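Chemist: In order, the protein sequences belong to chains A and B. Per this note's numbering, residue 1 is the first one in the first sequence, and the count goes up by one each step. Per this note's numbering, residue 1001 is the first one in the second sequence, and the count goes up by one each step. Virtual Cβ for every residue (Gly too), placed ideally from N, Cα, C. All values derive from a computational prediction rather than experimental measurement. Before I ask anything, let me first share the structure, which is written out below as structure tokens.
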Amino acid sequence: MSDRRCWFVCSVFLFLMASPAMAQPTAETFFEQHVRPLLSSRCWDCHAEDVAESGLRMDSRQALLVGGERGPALKPGDAQGSLLILAVEHGEADLQMPEGDKLSSEEIGMLKKWIDDGAIWPNSPDYVVATSKDTATGSLFTDEQKSFWAFQPLALPPLPTVQNAQWARNEIDYFVLARLEANRLSPAAPADKRTLVRRAYFDLIGLPPSPQQIAEFLNDNSPDAWETLIDNLLSSPAYGERWGRHWLDVARYADSNGLDENIAFEFIYKYRDWVIRAFNADMPFNQFVVEQLAGDLIPQSEGEAIEAYVDRVIATGFLSVGPKMVADDDPIKKALDVVDEQLNTTSQAFMGLTIGCARCHDHKFDPIPQWDYYAMAGIFRSTKTLEHLGVVAPIAEHSFQLTGYQSQLAEWEAQRHLVQSELDEFLSEMNVPEDEKKQSEFLQHLAGAAQERYQAIKSRLEEVDAQKPPEFIVMAVKEQEPVDLPVMLRGNYLTPGEPTRRQFLRIFTGEQPTPLETDQSGRLQLARWIADDTHPLTPRVIVNRIWRWRFGRGIVGTPDNFGLLGERPTHPQLLNWLAHAFVHQDAWSMKAMHKRMMMSATYQMQSAANSQAMEVDPENRLWWRFPQRRMEAEVIRDNTLAVSGQLDRTMYGSLMTQKDKQYITGTASSVSQYDNTRRSVYQPIYRSAVYDLLTAFDFPDPATLNGDRKESIVAPQALLMMNSKLIDQASQKLARRILTEEASTAERIDLLYEILFARIPHDFEQQQVEAFLPEFASADSTDAKVDQQVAAWQSVCRALMSTHEFICID
Amino acid sequence: MNRHWHAQTASSRREWLQQSSAGFGSLALAGLLSADSPATTASVSGEESPLSVKSPHFSAQAKRVIFMFMHGGPSQVDTFDYKPELQKRHGQEFPYAKPRIVSSETGKLMASPFRFRQFGQAGIHVSEIFPHTGQLVDDLCIVNSIHGSNSRHGSALLELHTGSDTFIRPSMGSWITYGLGSENQDLPGFLTICPTLGHSGSNAWSSAFLPAHYAGTPIGFSSIKAEEAKIGYIRPPHDSQLRQRRELDLMQTLNRHRLEDSPEDDRLASRIESFELAFRMQTSVPALQDISQETDATLSMYGIDQDVTKNFGIQCLMARRFAEAGVRFIQVTHSYKWDAHGDLANNHRRNALEVDKPMAGLLRDLKQRGLLDDTLVLWGGEFGRTATSQGGNGRDHNNVGYTMFLAGGGVKQGIRFGATDEFGYFAAEDKVHLHDLHATMLHLLGLDHERLTYRFAGRDFRLTDVKGNVIHGMLA
């Protein structure tokens, strides 16, 4: 992950410094002829101005004397005592420099001679390592870093003044309109009701409105018809399935490990279901954060059902579900890789920060010192994710006895007792010897009816044993012995540096370390810090994610990166206003945020382009129209099943056939396990072998967090529409559905357009479809004719389902 | 250094779409009905697509890559890294420290059960189990000093394919297709024939964060016979194709009608095009997979006339046909069979028998067609095997020194580059890390591995991350 090297620095230095003093056959000449070229070609790539690996610069004598994290590199007059020589001689297993080929013994000899002769460096510049510390103020971070926009506390910005205030329906519109007006653009006209109803359905629940639902909205002439529609959709259980899936992209959710050993996670679906339920229940987002990071550390309160606590444990599946090198031979590296994955996902998911970069060195762009990385990493290292660190390490699981379990167990035990006593009775009846060995021999030689009776009892016993009520298994993290980690130089645990204490990022908490006061891992404290009302990033990041999932592009265009290398917000004050309202007016309610956004005039614009705006802002960054979007893969599949009347709306549970830890092989080549009509969110997600229907339409790699899916247009998508069983069956079912209606061809076409596009066909479209259908409408009703008719309508359905419009939201 | 080839001229494509408003149908249908429709019709709008041919950073000999991947890890000391000292000291202790991390306890030095013979003018020793490839040794650049970072199958396989043994990254085939585009707009730029699904699965050919156009397209999987392997959702030509064409015509008519209403809708225009490409692919891909027109001599050269070599032979022949047709990166996989923890002699003898003749056939065929000059061939596994024995007659994984070979495409011929220690355990001279191999391959294709970057989540990524050196000693 690290940019360890600057690729330009070497040649620049060569150019600037190749001006040796030729005349003197002295130590100076020796340096220029033998030492400088060596340093510049073999050392400065990693140890100079731009990149000072391990805090060491080697482009000045002073810098060598000061040294890096391992201390001074140079002792003039004492080559053998200089760290530089130890490194180039590979004197220590983990200090072998430079990278690549070892220096020749001749070269090492030159270096030694130079040091022994006093390490003369003519006109050496006085560079020393520029750490992230601002040397002038003694501060860890520069003023520029501290004043970075995303790190500023949330404040409620005033609404900008606009000329066309009557356009605005709520605060959002003021911010949008102000920028449009500043660019001499005007917002697009409001979309018609048919467009809006289709847009709202796909947006909030990911399913199409039925003709009846369309009619309901069209016929509702009350002024709050739109609001009613939004409220209804937000209370549909399908809302959690739709928006929970968005979150699962961020949680890099999958039902198998992927990476080296692709083992099944049989129980992780409970986390997926927890997410869906949390969205449906409108769990406040701050609570949603805390439970995913540390739900297990909030104990069961007095009078609280065990299920409530178990749910919180399930929530921490967020930390467990990442991909892991479970077969890595190096146990310590394996544990630290898991920590790295969790730390990186956590910080990006909630704070939009790429902390992972600081594993090997101070973050190059954001104010995250390597020390802070290890301070936070200690929290996750104190958390148990893998049961042990052996090869093919099992992921930690919990086992619970839910309410009623004890009575179920007692009932089962009673049942078993009955059969067991019958067996005991039989054995004593038969005078079976007590000794085990003799017993089995005796029983084998039972004959006739006795043997039959014995077998019958035995098989009943086996039956009962198989019915023992199982405990409730949850894949989730646990606590373990709390530890603090040292900084690991170059990310290598074999080269420990300064010790750290578990704590949070100092750019936010202040520069004086305030170690956690806890005898636990510190996860709960971390979670509460991230979810605090005053955290500058968390509310901004989630509000931006919601905006991104709704409008196709975030106010910050890089929803997973709010750092220096991320994009700046197009509407910073709008983002601030939304984040502030989210925390202080809506109490972190995502449903309230949806409503805010959808009630705006900005959301209700039509998506048609106008050529003037296209010239000024072709990417629609200023939101002069509603952006047309292609549906996500899941929505395409669900929509296809829904319009053809096949969608099975059963919620929750697992469709996976593999047992826990079973290897996933060859799933991508076999679609049999996807041969069901449940919503896509319930289809198993196997890492390294994702359902091809999903990958074809840009389902992101579930090994990495991704809050910004792509929308590609490639030929395999067309092949899928042309030849997949999904479309074949759906078009046939839809054709049959259309044909059951007592209606004229024209009416049937109308109905098709209503079902597929929520609109009335244009004359041109009517004509084209009608012309496509050959003369089937004869009175003849032989089977052959019916089949032909179905085939013709199926072709029409397939053609319409293959159009761009079918998979787009206008 | 992200090149913005998406900034294309939408208008020219639209013009073309409008000009052909008579219907793609009539055009494509004509092609469909003519007996000798060319398999590779140039796409009218090809120069605008993300897959259109792009200039390399500098001129170079290699235009494409064929990678013969030996999943499981063939042993270097039993194939292309002849170690007389190992033969002499069979049964003795390995005198050096072993790697800090090893998969399992390994025993004493184990001589190769195979004899080695010198081949070619170069006089390079090759194991007796590769007699056909041995004869071509003067064409090979055998790199004996490859090393990687990880000794587990999954991690090592990812590192070989993507440069990272830890994270999900784009495959090298994706990077190369991203850098150079594809020479044939009717075919994917990156094909992988019968890949294995274990040990990282589709991540070995995924484009990760690169656009989907650059993802590898699998043809079948290792569990499917090569002759039955197909690209997903490609339906071979048959009667119902006429019906399909009619459906497409209706669909495209409706799409174009919408386009008239919103002529600036670039994505709709691309969607229209994608269906036409899909329709052409449906003809072109099966045609390329059809080897029935190849001569008996060719089939026999690849060993397709013999059961033991048939499967890999068909894969290799398909690779040549796709290479000829302009596919940028083609991988063939000999499925996960080389992992000889025990009974190495029989394991390697059998596996070599399956691949040797097809490998040599492919090299010979490329050569006689003049394709070897601009095709870079790579052969090898995700790691090699220990010089010491595991369980008496097997060898464990070894990532610290092993062998791959390259041929064609501007590499030095008839050489062994780099070397392991006298037992063949550690890479010792002119070490070539996988990052270096990647850097060198990109260089041979005219791409500077430090300039071939893609910006994702606020950072420029490279195939070689922040590492890798072009190994000039391997270049002709």
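Which one or two residues does DSSP pair with Ala730 (chain A) in a beta bridge?
Modeler: If you number the first sequence from 1, residue 730 (chain A) lands on position 730. The partner list for Ala730 (chain A) (beta bridge, DSSP) is empty, contrary to what the question assumes.
Chemist: Using alpha carbons as the reference points, say which of A:Gly71, A:Leu156, A:Leu159 and A:Gly206 lies closest to Ile809 (chain A).
Modeler: Locating residue 809 (chain A) in the first sequence gives position 809, where the first residue counts as 1. Ranking A:Gly71, A:Leu156, A:Leu159 and A:Gly206 by Cα distance to Ile809 (chain A) puts A:Gly206 first.
Chemist: Using a Cβ cut-off of 7 Å (strictly closer), state whether Leu752 (chain A) contacts chain B.
Modeler: As a working note, residue 752 (chain A) is residue 752 in the first sequence. Closer than 7 Å: no.
Chemist: Is Gly1342 (chain B) near Leu1376 (chain B), with beta carbons less than 7 Å apart?
Modeler: On the second sequence, residue 1342 (chain B) is found 342 positions in, with the first residue counted as 1. On the second sequence, residue 1376 (chain B) is found 376 positions in, with the first residue counted as 1. No.
Chemist: Considering only C-alpha positions, which residue in the set A:Asp94, A:Gly554 and A:Ala52 is nearest to Tyr493 (chain A)?
Modeler: For the purposes of this step, residue 493 (chain A) is taken as the residue at position 493 of the first sequence. The shortest Cα separation from Tyr493 (chain A) among A:Asp94, A:Gly554 and A:Ala52 belongs to A:Asp94.
Chemist: Which residues does DSSP pair with Glu452 (chain A) in a beta bridge?
Modeler: Here residue 452 (chain A) refers to the residue found at position 452 of the first sequence. None, per the DSSP bridge assignment.
Chemist: With DSSP as the reference, label Gly685 (chain A) as helix, strand or coil.
Modeler: Residue numbering aside, residue 685 (chain A) sits at position 685 when the first sequence is read from its first letter. The sequence shown places Ile at residue 685 (chain A), rather than the Gly named in the question. Ile685 (chain A) falls in the coil class under three-state DSSP.
Chemist: Would Leu156 (chain A) count as contacting chain B if we go by Cβ distances under 7 Å?
Modeler: Counting from one through the first sequence, the residue named residue 156 (chain A) turns up at place 156. It does not; no Cβ of chain B falls within 7 Å.
Chemist: Would you kindly check if the distance between the Cβ of Gly1424 (chain B) and the Cβ of Leu1086 (chain B) is under 7 Å?
Modeler: Position 86 of the second sequence, counted from the first residue, corresponds to residue 1086 (chain B). Position 424 of the second sequence, counted from the first residue, corresponds to residue 1424 (chain B). Going by C-beta atoms, Leu1086 (chain B) is nearer than 7 Å to Gly1424 (chain B).
Chemist: CA-CA distance, Phe626 (chain A) and Ala642 (chain A)?
Modeler: One-based indexing of the first sequence puts residue 626 (chain A) at position 626. One-based indexing of the first sequence puts residue 642 (chain A) at position 642. Near 25 Å, if we compare the C-alpha coordinates of Ala642 (chain A) and Phe626 (chain A).
Chemist: Between the region 1241-1254 of chain B and chain A, which residues of the former have CB atoms less than 8 Å from a CB of the latter, in chain order?
Modeler: Arg1243, Gln1244, Arg1246, Glu1247, Leu1248, Leu1250, Met1251, Thr1253 and Leu1254
Chemist: Shortest alpha-carbon distance to Ser236 (chain A) belongs to which of A:Ala251, A:Phe202 and A:Gly645?
Modeler: As a first step, residue 236 (chain A) must be located in the first sequence, where it is residue number 236. Comparing Cα-Cα distances from Ser236 (chain A) to each of A:Ala251, A:Phe202 and A:Gly645, the minimum goes to A:Phe202.
Chemist: Comparing C-alpha positions only, which one of B:Pro1050, B:Phe1069 and B:Phe1426 sits nearest to Trp1205 (chain B)?
Modeler: On the second sequence, residue 1205 (chain B) is found 205 positions in, with the first residue counted as 1. Of the candidates B:Pro1050, B:Phe1069 and B:Phe1426, the one whose C-alpha sits nearest the C-alpha of Trp1205 (chain B) is B:Phe1069.
Chemist: Could you say if the region 598-610 of chain A and the region 303-322 of chain A meet the contact criterion of at least three C-beta pairs nearer than 8 Å?
Modeler: no
Chemist: Round the Cβ separation of Arg42 (chain A) and Pro98 (chain A) to the nearest angstrom and send it over; I've been treating them as touching at under 8 Å.
Modeler: The sequence position of residue 42 (chain A) within the first sequence is 42, counting from 1. The sequence position of residue 98 (chain A) within the first sequence is 98, counting from 1. At roughly 5 Å, the Cβ-Cβ gap stays under 8 Å, so Arg42 (chain A) and Pro98 (chain A) are in contact.
Chemist: Taking Cβ positions only, does Gly1468 (chain B) come closer than 7 Å to chain A?
Modeler: Counting from one through the second sequence, the residue named residue 1468 (chain B) turns up at place 468. For Gly1468 (chain B), the answer is no, since every Cβ of chain A falls outside 7 Å of its Cβ.
Chemist: For Val392 (chain A), count neighbouring C-beta atoms within 10 Å of its own C-beta (all shown protein chains included) and say buried if the count is 16 or more, exposed if not.
Modeler: What you label residue 392 (chain A) is simply residue 392 of the first sequence in a count that begins at 1. The residue is exposed, with fewer than 16 neighbouring Cβ atoms inside 10 Å.
Chemist: Tell me where the alpha helix (DSSP H) around Arg272 (chain A) begins and ends.
Modeler: Your numbering for residue 272 (chain A) matches position 272 in the first sequence. DSSP places Arg272 (chain A) inside the alpha helix (DSSP H), whose first and last residues are Tyr269 to Asn280.
Chemist: What in chain A is Cβ-close to Arg1271 (chain B), meaning under 7 Å?
Modeler: Your numbering for residue 1271 (chain B) matches position 271 in the second sequence. What Arg1271 (chain B) touches in chain A: Ile713 and His804.
Chemist: Using only CA atoms, which one of B:Gln1413, B:Leu1248 and B:Leu1051 lies nearest to Gly1181 (chain B)?
Modeler: Reading the second sequence from its first residue, position 181 is the one you call residue 1181 (chain B). Closest by alpha carbon: B:Leu1051.
Chemist: What residues in its chain sit with their C-beta under 7 Å from that of Gln480 (chain A), if we drop five residues either side in the sequence?
Modeler: The count along the first sequence starts at 1 and reaches residue 480 (chain A) at position 480. Counting only Cβ-Cβ distances below 7 Å, and skipping sequence neighbours, we find Ser382, Thr383 and Lys384.
Chemist: Quick check on the DSSP output: the beta strand (DSSP E) that includes Cys1316 (chain B) runs from which residue to which?
Modeler: Looking up residue 1316 (chain B) in the second sequence gives position 316. Not the beta strand (DSSP E): Cys1316 (chain B) falls in the alpha helix (DSSP H), residues Asp1307 to Glu1324.
Chemist: Please report the distance separating the alpha-carbon of Lys1225 (chain B) from that of Ala1323 (chain B).
Modeler: Numbered from its first residue, the second sequence carries residue 1225 (chain B) at position 225. Numbered from its first residue, the second sequence carries residue 1323 (chain B) at position 323. Straight across, the Cα-Cα distance linking Lys1225 (chain B) with Ala1323 (chain B) is about 21 Å.
Chemist: Quick check on Gly81 (chain A): buried or exposed, where buried means 16 or more other Cβ atoms within 10 Å of its Cβ?
Modeler: In the first sequence, residue 81 (chain A) corresponds to position 81, counting from 1. Exposed is the call here.
Chemist: Mapping the DSSP letters down to three states, classify Met97 (chain A) as helix, strand or coil.
Modeler: Position 97 of the first sequence, counted from the start, is the residue given in the question as residue 97 (chain A). Of the three classes helix, strand and coil, the one that applies to Met97 (chain A) here is coil, per DSSP.
Chemist: Comparing alpha-carbon positions, which option in A:Lys193, A:Pro539 and A:Asn232 lies nearest Asn221 (chain A)?
Modeler: On the first sequence, position 221 is the one that residue 221 (chain A) refers to. Nearest option by C-alpha distance: A:Lys193.
Chemist: What separation, rounded to the nearest whole angstrom, lies between the Cα atoms of Leu1187 (chain B) and Ile314 (chain A)?
Modeler: Within the second sequence, numbered from 1, the residue matching residue 1187 (chain B) stands at position 187. Within the first sequence, numbered from 1, the residue matching residue 314 (chain A) stands at position 314. Cα to Cα, the separation comes out at about 46 Å.
Chemist: Could you check whether the Cβ of Leu248 (chain A) sits closer than 7 Å to any Cβ belonging to chain B?
Modeler: Reading the first sequence from its first residue, position 248 is the one you call residue 248 (chain A). Cβ-Cβ to chain B under 7 Å: no for Leu248 (chain A).
Chemist: Checking 7 Å against the spacing of the C-beta atoms, do Trp412 (chain A) and Pro469 (chain A) come in under that value?
Modeler: Along the first sequence, one-based indexing puts residue 412 (chain A) at 412. Along the first sequence, one-based indexing puts residue 469 (chain A) at 469. In contact: Trp412 (chain A) and Pro469 (chain A) (Cβ atoms closer than 7 Å).
Chemist: Grab me the residues of Ile230 (chain A)'s own chain with a C-beta within less than 6 Å of its C-beta, minus the 5 sequence neighbours each way, in chain order.
Modeler: Here the question's residue 230 (chain A) lines up with position 230 in the first sequence. The residues are Lys595 and Met598.
Chemist: Where does Ala668 (chain A) fall in DSSP's three states?
Modeler: Numbered from its first residue, the first sequence carries residue 668 (chain A) at position 668. Below a pLDDT of 50, predicted positions are generally treated as unreliable, and Ala668 (chain A), at 48, falls in that range; the measurement from the model is reported next regardless. DSSP places Ala668 (chain A) in helix when its eight states are reduced to three.
Chemist: Label Phe217 (chain A) either buried or exposed according to how many other C-beta atoms from any shown protein chain fall within 10 Å of its C-beta, with 16 as the threshold for buried.
Modeler: Residue numbering aside, residue 217 (chain A) sits at position 217 when the first sequence is read from its first letter. With at least 16 other beta carbons inside 10 angstroms of its own, Phe217 (chain A) counts as buried.
Chemist: Looking only at its own chain, which residues have a Cβ that is under 6 Å from the Cβ of Leu1033 (chain B), when we skip the five neighbours before and after it?
Modeler: Taking the first residue of the second sequence as 1, we reach residue 1033 (chain B) at position 33. Here Leu1033 (chain B) scores only 35 on pLDDT, less than 50, and its place in the model should not be relied on; the value that follows carries that caveat. Excluding sequence neighbours, Leu1033 (chain B) sits near nothing in its chain.
Chemist: What separation, rounded to the nearest whole angstrom, lies between the Cα atoms of Glu615 (chain A) and Trp547 (chain A)?
Modeler: Here residue 615 (chain A) is taken as the residue at index 615 of the first sequence, counted from 1. Here residue 547 (chain A) is taken as the residue at index 547 of the first sequence, counted from 1. When rounded, the distance between both Cα atoms is 24 Å.
Chemist: For chain B, check one thing: does any of its Cβ atoms lie closer than 7 Å to the Cβ of Ala703 (chain A)?
Modeler: Locating residue 703 (chain A) in the first sequence gives position 703, where the first residue counts as 1. By this cut-off, Ala703 (chain A) is an interface position.
Chemist: Determine, for Met1474 (chain B), whether the minimum Cβ-Cβ distance to residues of chain A falls below 7 Å.
Modeler: Position 474 of the second sequence, counting from 1, holds the residue named residue 1474 (chain B). No, Met1474 (chain B) does not count as interfacial toward chain A.
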